[in-house]
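Shown next, in structure tokens, is the structure this report addresses.
Residue numbers (our numbering): 49 to 421.
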């Protein structure tokens with residue numbers, strides 16, 4: 049059901065009082081101009097007030113309000129009282145019935161009311177018929193009220209639809225942003241927790257015979273735990289406060305990422321490196337991060353080659369491990385590769401992952417703006 053904008057309560061209370069006072073006061077002037085009609089007795093005055101009082105329910109019960117105002121009007125006219133002021137309340141009730149979406153009831157009630165006035169003025173009234181123009185005038189007034197009501201209803205429907213679409217779009221964007229942040233949090237945790245696990249295992253293995261090497265592993269654990277705490281605070285702060293967040297990573301941090309991974313990483317860059325869109329820059333970093341995490345999880349000690357190839361309209365990111373490391377204990381399955389594929393697909397790119405010789409290869413192709421001189 050179509051709703052209307054909520055108005056202050058005092059206006060809802062004042063309108064019935066104003067219409068009631070207007071109908072009673074102006075009825076005496078109508079009686080002076082219509083000496084052939086009967087003056088309003090106490091029951092007639094109660095009819096003049098009944099319709100306006102029903103307008104107090106025009107928003108909550110528009111159909112009942114329309115029926116009450118029409119009924120009081122019919123009785124008032126049939127008793128022979130003056131035309132004019134009594135019509136205020138049914139006109140207002142008819143308008144609200146249309147605006148609030150009860151169109152069929154409003155149009156059916158208009159047809160019934162028009163038929164009543166035509167029959168009464170032409171065959172039942174004790175005075176001669178007012179003629180064709182009077183009949184046309186009644187139809188015109190009803191038509192104007194219905195047309196105005198339909199116009200206002202249509203505007204309100206369009207406004208409500210626009211508000212609904214805007215709200216849905218806002219919810220969709222918020223949902224996408226939350227999913228993005230969830231993916232960011234997953235990538236940060238997966239990489240750093242895996243790194244901490246591998247380095248802790250290394251430290252435990254070396255702490256007795258090679259304490260200096262164990263110290264290096266523990267330093268890496270400290271740095272990784274600090275970074276994961278920092279990024280978690282940033283992401284959770286966004287979820288809590290809606291504050292803007294700074295970029296969590298980019299391809300310019302790949303050397304730092306490789307150094308903290310605990311792996312033997314060889315990084316190569318071909319083509320002319322250039323600034324990239326923030327989405328591509330972050331996605332490339334996360335893909336490299338997740339790939340190194342997988343190597344550290346499943347084949348620690350393997351040599352890794354990380355290739356960045358800047359093409360005219362495409363960035364190639366290829367991470368290949370030798371598969372020569374000792375398989376790590378099973379750390380459980382995850383969403384690493386599907387998440388990387390989703391990142392690439394969201395940017396219009398592709399990602400493949402699979403065995404390559406004894407090792408494993410991840411290859412992502414992301415579209416980038418064409419290089420300009």
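Ideal Cβ placement from N, Cα and C applies to all residues, glycine included.
Small disclaimer: the values here were computed from a predicted structure and weren't measured.
Which residues bound the beta strand (DSSP E) around residue i?
i	result
residue 407	407-415
residue 362	362-369
residue 356	351-358
residue 403	398-404
Grab me the residues of residue i's own chain with a C-beta within less than 8 Å of its C-beta, minus the 5 sequence neighbours each way, in chain order.
i	result
residue 403	409
residue 71	96, 97, 99, 100, 133, 134, 136, 137
residue 360	418, 419
residue 314	351, 352, 353, 354
residue 407	347, 350, 368, 369, 370, 371, 372
residue 219	none
Near residue i, which residues of its chain fall below 7 Å by C-beta distance, leaving aside the five closest residues on each side in sequence?
i	result
residue 322	358, 419
residue 122	164
residue 397	412, 413, 414, 415
residue 343	311, 350, 352, 369
residue 395	327, 328, 331, 414, 415
residue 186	162, 165
residue 82	130, 131
residue 248	269
residue 158	142, 190, 194
residue 266	251
Going by DSSP in three states, residue i sits in which element: helix, strand or coil?
i	result
residue 201	helix
residue 131	coil
residue 380	Low local confidence applies: a pLDDT of 43 at residue 380 is under 50, so the model's placement there is unreliable, with the coordinate-based value given in what follows. Reduced to three states, the DSSP call for residue 380 is coil.
residue 418	coil
residue 372	coil
residue 290	The pLDDT assigned to residue 290 is 49, lower than 50, so where the model puts this residue is not dependable, and the model offers no usable value.
residue 311	coil
residue 320	coil
residue 54	Only weak support is given to the placement of residue 54: the predicted model assigns it a pLDDT of 47, under 50, and the question is left unresolved by the model.
residue 186	helix
residue 258	coil
residue 395	coil
residue 49	In this prediction, residue 49 scores a pLDDT of 44, lower than 50, which makes its location untrustworthy; no coordinate-derived value is stated.
residue 386	helix
residue 191	helix
residue 25	What the structure shows of the chain is the stretch from 49 to 421, and residue 25 is not part of that stretch, so it cannot be assessed.
residue 265	helix
residue 61	helix
residue 173	coil
Starting from residue i, trace the alpha helix (DSSP H) both ways and give me its first and last residue.
i	result
residue 302	302-308
residue 145	136-147
residue 334	326-346
residue 162	151-167
So with Cβ pairs under 8 Å, would you call residue i a contact of chain B?
i	result
residue 220	No chain B is present in this structure, which holds just one protein chain.
So, for residue i: in the same chain, excluding its five sequence neighbours on each side, which residues have a beta-carbon less than 6 Å away from its beta-carbon?
i	result
residue 64	100, 101, 103, 104
residue 340	309
residue 317	356
residue 389	399
residue 197	143, 146, 147
residue 335	365, 388, 412
residue 62	none
Extract the residue ranges of the alpha helix (DSSP H) inside the region 63-117, only unbroken runs of 4 or more that lie entirely within it.
Within the region 63-117, the runs of alpha helix (DSSP H) at least 4 residues long that lie entirely inside it are, in chain order, 90-102.
Three or more beta-carbon pairs under 8 Å between the region 145-156 and the region 206-214, yes or no?
Remark: fewer than three beta-carbon pairs, one from each stretch, lie closer than 8 Å, so the region 145-156 and the region 206-214 are not flagged as touching.
For the region 109-118 and the region 72-79, state whether three or more C-beta atom pairs, one from each stretch, are separated by less than 8 Å.
In short, these stretches do not touch, since the Cβ pair count stays below three.
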